[in-house]
Amino acid sequence: MTETSKKPLIDVENLSVHFGSVTDPVRAVDGVNFQIFSGEIVALVGESGSGKSISALALAKLVPEPAGRIVGGKILFQCLDLRYSESAFRIPEKRQPEEERQQSSQPSCNDFQGLEKQKGAGTACFQGLEVLKLKSSELRKLRGARIAYIFQEPATSLNPVFTIGWQIGEAIRLHRKGVNVTAEVEKLLTAVGLSDPKRAAKAYPHELSGGMQQRAMIAMALACDPDLLVADEPTTALDVTVQKQILDLLVDLREKRGLSILLITHNLGIVANVADRVYVMNNGKIVESGETKTVLRTPQHNYTKKLLAAVPRLRNGGDQNN
Amino acid sequence: MSDLLRIENVSVCYGTLDAVRGVSLSLKPGETLGLVGESGCGKSSLGRAILALEPVAAGRVMFNGYSVQSLKRSALKKFRCQAQMVFQDPFGSLNPRMSVGAAIEEVLFVHGIGGSRAARRERTAALFNDVGLDPDWLSRYPHEFSGGQRQRIGIARALALEPKLLVADEPVSALDVSVQADIIQLLKRIQRERGLAYLFIGHDLAVVREMSDRIAVMYKGEIVETGTADQVCDTPQHPYTQKLLSAVPDIDMALRHFEWVKKE
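Here it is as structure tokens:
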């Protein structure tokens, strides 16, 4: 195994994101440290306004920068690209055709600093990418291809005027050249558990139910076989039964594809059933972290205890403290 | 004690779609009946039909012995004083262009309660206190409040006419888990203090169990199981109820699983 397997896939060090005035800022994210290892499901838990969504957006430098300011910290991303035989880092289509042909026979990643890749290499040794220092052109290659996102409201995240198939295909056309888009789209829609992938591909978002829309979003996120999937409250807007299906799907994808998942939620019940490790966030800081079973069985911080107490319990029957 | 609300074989249709099919339920004063089911099962339609917000295609809704469908105009207005609704969407159910105080005062004004503006304002302030909000905020607009606070305002508005029945249509589904817990506690306290009956509609059995004395499980427009909360949750009979139960992200089960794995 390469040395990268011991290093975390994502290593966030001392990240701070501020909003508002410079003299008295809102510290949305305040000196946060967390790591995600390959093939892990990590949960980032906290209430609305705790800073978890902004922390997740920062991973691909997606924090809206006029409103927000990333004032400090480092995000190291170990890009694992072994599953690709074609280059995911190819320069975009503005090049001349002969240059492209040259590029395709010798994939190189001149856009990323310190990154080397050999075609057909069985193992690779990557240095980390410092996400916060990347140029826009490099970030565009990262987003959607290596780090993918799914959000809470699939109805508003999906473009209402394009078919599902077209939207999933967009990511493929952008990042994976020379691939049969229709076939790939069908494969992805099947992988996310949609029973009639051909029909789903031709459908518009409003023609699908909430659960199906979220599956379509997941298919879109998987289109370029990312290393990390960031799921920001993916099931909050869904019924409990659909929620279970979507969470089962995410766990299944982790098993089958070795996908790492950062799951953002406010419900510790979901965390208990799905996550390997958990970070608890409050007011921009991480107050507690550790393996899920440890944190849930023996919570140390008062805030974690409060979140635990708030989860509706099924077995012990209703509320005892009337 | 006779039933406060009795629903007899009610059906609600939207065109050719049968949203609710032959549902019969009953509710006694001061009791909470939980109505649980997935999206699209017809529970919201049933809630609305009970409050005469939707026409009933068949069957009867009996409130305190009289049929709700037969009510017109002033009689219907009086019924509205007795049965109110708390809506799911704390963002969509408040008029964004009215201050929250004005929204609640409007309710009192329309029903001729309070007499003078000052009296109405006093009652509104008292309602705000009741739901745990600061009366100083009455002049603020909905967008200035958080989701949980807006839901409290919705509850205050529903209580303004001192109803006997509150239909709560997924009142906590759009809220964070910790805020959900607060709102559930609030609803329980109000019930104790005012002797209200609740029809609590939801999709999460764990949440519904916390609130309810009895539970009815709804699937595709029909009731598939009823019983006390303990009966339905501990010994579910119908396969759909069992499916709902297994879908709840249960911490205790997960922790027990950890124990089991550790022992291996």
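Going line by line, the protein sequences match chains A and B.
Read the first sequence against this note's numbering and you will find it ends at 933, with the numbers running on by one and no gaps.
Read the second sequence against this note's numbering and you will find it ends at 516, with the numbers running on by one and no gaps.
For glycine and all other residues, C-beta sits at the position ideal for the given N, C-alpha and C.
Being a predicted model, the structure only gives us computed values, none of them experimental.
For the pair of segments examined, the segment 820–839 of chain A was found not to touch the segment 423–439 of chain B: the number of CB pairs separated by less than 8 angstroms stays below three.
Within the segment 871–885 of chain A, those residues whose Cβ lies closer than 7 angstroms to any Cβ of chain B are, in chain order, His877, Asn878, Leu879, Gly880, Ile881, Ala883 and Asn884. Put simply, the CB of Val429 of chain B is near chain A, with a gap under 9 angstroms to one of its CB atoms. Distances from the CA of Lys280 of chain B to each of B:Ala271, B:Glu445, B:Thr268 and B:Asn316 were compared; the closest alpha carbon is that of B:Asn316. A Cβ-Cβ distance of about 7 angstroms is found for the pair Leu257 of chain B and Ser278 of chain B, placing them in contact under the 8 angstroms criterion.
Taking a beta-carbon distance threshold of 9 angstroms, Arg908 of chain A counts as an interface residue toward chain B.
Setting aside the 5 residues that flank it on each side, Gln489 of chain B is surrounded in the same chain by Glu477, each with a C-beta closer than 7 angstroms to its C-beta; the list follows chain order. Taking a Cβ-Cβ cut-off of 7 angstroms, Leu287 of chain B has no neighbours in chain A, whose nearest Cβ is about 14 angstroms from it. Per DSSP, Gln911 of chain A lies in no alpha helix (DSSP H) and is assigned neither H nor E. Boundaries for Leu411 of chain B: no beta strand (DSSP E) harbours it, while the alpha helix (DSSP H) harbouring it runs Gly399 to Leu411, taken from the DSSP string.
According to DSSP, His629 of chain A shares a beta bridge with A:Arg638 and A:Arg680.
Using beta-carbon distances, Gln911 of chain A does not count as an interface residue toward chain B, since no partner is under 9 angstroms. Between the segment 774–782 of chain A and the segment 812–820 of chain A, the count of C-beta pairs closer than 8 angstroms reaches three or more; the two stretches touch.
For the segment 637–665 of chain A, residues whose beta-carbon sits nearer than 7 angstroms to a beta-carbon of chain B comprise Glu658 and Ser659. Within the same chain, Gln336, Met337, Val338 and Leu418 come within 7 angstroms of Ala410 of chain B by CB-CB distance, once the 5 residues on both sides are set aside. As the crow flies, the alpha-carbon of Ala354 of chain B is around 36 angstroms from that of Tyr914 of chain A. Counting only the Cα atoms, Asp622 of chain A lies some 7 angstroms from Phe688 of chain A. In the DSSP assignment, Asn893 of chain A falls within the beta strand (DSSP E) that extends over Arg888 to Asn893. Residue environment: Gln911 of chain A is assigned as exposed (fewer than 16 neighbouring CB atoms within 10 Å of its CB, all protein chains considered). Under the three-state reduction of DSSP, Arg369 of chain B is assigned to helix. Using a Cβ-Cβ cut-off of 9 angstroms, Met505 of chain B counts as an interface residue toward chain A, since at least one Cβ of chain A sits closer than that to its own.
The shortest C-alpha to C-alpha distance from Leu840 of chain A to any of A:Arg865, A:Leu626, A:Leu879 and A:Thr846 is the one to A:Arg865. Secondary structure at Met350 of chain B: coil, using DSSP grouped into helix, strand and coil. Counted as a single uninterrupted DSSP element, the beta strand (DSSP E) harbouring Lys896 of chain A occupies residues Lys896 to Glu902. Taking C-beta separations shorter than 8 angstroms and ignoring five residues to either side along the sequence, the partners of Asn381 of chain B in its chain run Pro387, following chain order. In the DSSP assignment, Tyr266 of chain B falls within the beta strand (DSSP E) that extends over Leu257 to Tyr266. Cα atoms of Asp486 of chain B and Arg924 of chain A: separation of roughly 12 angstroms, rounded to the nearest angstrom.
Neighbours of Val459 of chain B across chain A, judged by C-beta separation under 8 angstroms: Pro923. Contacts with chain B (Cβ-Cβ distance below 9 angstroms) from the segment 765–779 of chain A involve no residue at all. Counting only the Cα atoms, Arg787 of chain A lies some 46 angstroms from Gln403 of chain B.
The shortest CA-to-CA distance from His455 of chain B to any of B:Leu507, B:Ala449 and B:Ala426 is the one to B:Ala426. DSSP, reduced to helix, strand and coil, places Val653 of chain A within a strand of the structure shown.
Counting the other Cβ atoms within 10 Å of the Cβ of Tyr492 of chain B gives 16 or more, which makes it buried. Around the beta-carbon of Gly631 of chain A, fewer than 16 other beta-carbon atoms lie within 10 Å, marking it exposed. DSSP places Met505 of chain B within a helical segment (H, G or I) once states are collapsed to three.
Taking a beta-carbon distance threshold of 9 angstroms, Gly821 of chain A counts as an interface residue toward chain B.
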